[in-house]
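Residues in the sequence shown are numbered from 0 upward in steps of one, following numbering that gives the first Met the number 0.
Where is the CB? At the ideal position from N, CA and C, for every residue including glycine.
Shown next, in structure tokens, is the structure this report addresses.
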Amino acid sequence: MACDPSTLIEPVRALAEQAGKRIMEVYATDFDVEHKDDKTPLTKADMAAHHTIIQGLTELTPTWPILSEESAKIPFAERTQWNCYWLVDPLDGTREFIKRNGEFTVNIALIYEHKPILGVVYVPVTEVSYFAYLGGGAFKSAPGQTAQLIKVRPCPEQHLIVVGSRSHANPTLQKFTDSLNLPFELVSIGSSLKSCWVAEGKADIYPRFGPTSEWDTAAAQCVVEQAGGYLTDMQLEALRYNTKDSLLNPYFVVFGDPNKNWQAHLSQI
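Below you can see the structure in the form of structure tokens.
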């Protein structure tokens, strides 16, 4: 493989932690909030993390392209030449950052032939890290603890755990949960933590019926897949990256147990 993720996982983890420290420096201040052209919020923390990651990845792999949320205006004609590149969300969950609820992450993914083959999701407030690379398993680490292998869980017969967006509630989600026809608990969480909960077996499914971009999902998708789960579109096909001019994702679903007929529920909404 032209992009070998096994040698890159530790330096990328360290880089995500560095970016997390820059974020927490801003978190401790009375920071200002600006808005981008698409009305999404932007803070000094987004840009501090962005610059830290860009510098670090450039030093690590000088010839590989980098696509970040904060530097996304790269023409598709140029991107089509990329076989291997970094896909970054320096601060996933800016709204949660502004609310100061701790539910935001640093997302760094390595994409090879349209698929995520390395993913790091770092939580600056708790210093928890979820990380994975193709063929290497998925892990969760916390301060003072050895990294633990994580796996999705089989779907329980009763009481499903459904995770949803804290800042992007959607009536379609209500239709989906109504279709389950069994007891469930809906837990609202911000950022890529929702997918990571599925990866570590704390939740069963995360359906997303709203707009997201490719940098929102790539790192977590690698973690989920290496933990034995799936991040797919509504036809249960794995999300692919850099295949079109738009960087918006389709609606998607993250689940752990393929033996449950999720398609039957999705088709009812």
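Judged by their CB atoms, valine 87 and isoleucine 65 are nearer to each other than the 8 angstroms cut-off.
Between leucine 179 and isoleucine 107, the beta carbon gap of about 34 angstroms keeps them out of contact (Cβ cut-off 8 angstroms).
DSSP places tryptophan 81 in the coil class of the three-state scheme, outside both helix and strand. Rounded to whole angstroms, the separation of the alpha carbons of leucine 133 and cysteine 221 is 7 angstroms. In its chain, beyond the 5 residues on either side, Val25 and Phe30 have a beta carbon closer than 6 angstroms to the beta carbon of lysine 43. Excluding five sequence positions before and after alanine 226, the CB atoms of its chain that fall closer than 6 angstroms to its own CB belong to Ala137, Ile149, Lys150, Val151 and Ala198, given in chain order. Taken in chain order, the whole alpha helix (DSSP H) runs of length 4 or more contained in the stretch 174 to 203 are 192 to 198. Residue environment analysis places lysine 174 among the exposed positions, since fewer than 16 neighbouring C-beta atoms fall within 10 angstroms of its C-beta.
Residue pairing by DSSP places aspartate 88 opposite Asn106 in a beta bridge. Its chain contains Ala47, Ala48 and Thr51 as the residues whose beta carbon lies nearer than 6 angstroms to that of arginine 21, once the 5 sequence neighbours on both sides are disregarded; these appear in chain order.
Three or more Cβ pairs closer than 8 angstroms define a contact, and the stretch 189 to 197 meets that threshold against the stretch 156 to 172. Exposure of glutamate 236 is indicated by the presence of fewer than 16 other C-beta atoms within 10 angstroms of its C-beta.
By the C-beta density criterion, alanine 219 is buried, having at least 16 other C-beta atoms within 10 angstroms.
For asparagine 82, the closest alpha carbon among the candidates Leu230, Asp3 and Ile188 is that of Asp3.
The C-beta distance from phenylalanine 251 to leucine 265 rounds to 10 angstroms, too long to meet the 8 angstroms contact threshold.
Within the model, the alpha-carbon separation for threonine 171 versus isoleucine 97 is close to 26 angstroms.
When the Cα atoms are used, threonine 57 and proline 155 turn out to be separated by approximately 44 angstroms. In the three-state reduction of the DSSP assignment, glutamate 68 falls in the helix class, which pools H, G and I. According to the DSSP assignment, phenylalanine 96 belongs to the alpha helix (DSSP H) that extends over 93 to 98. For the stretch 116 to 143, the full-length beta strand (DSSP E) segments reaching 3 residues or more read 127 to 132 and 137 to 140 along the chain.
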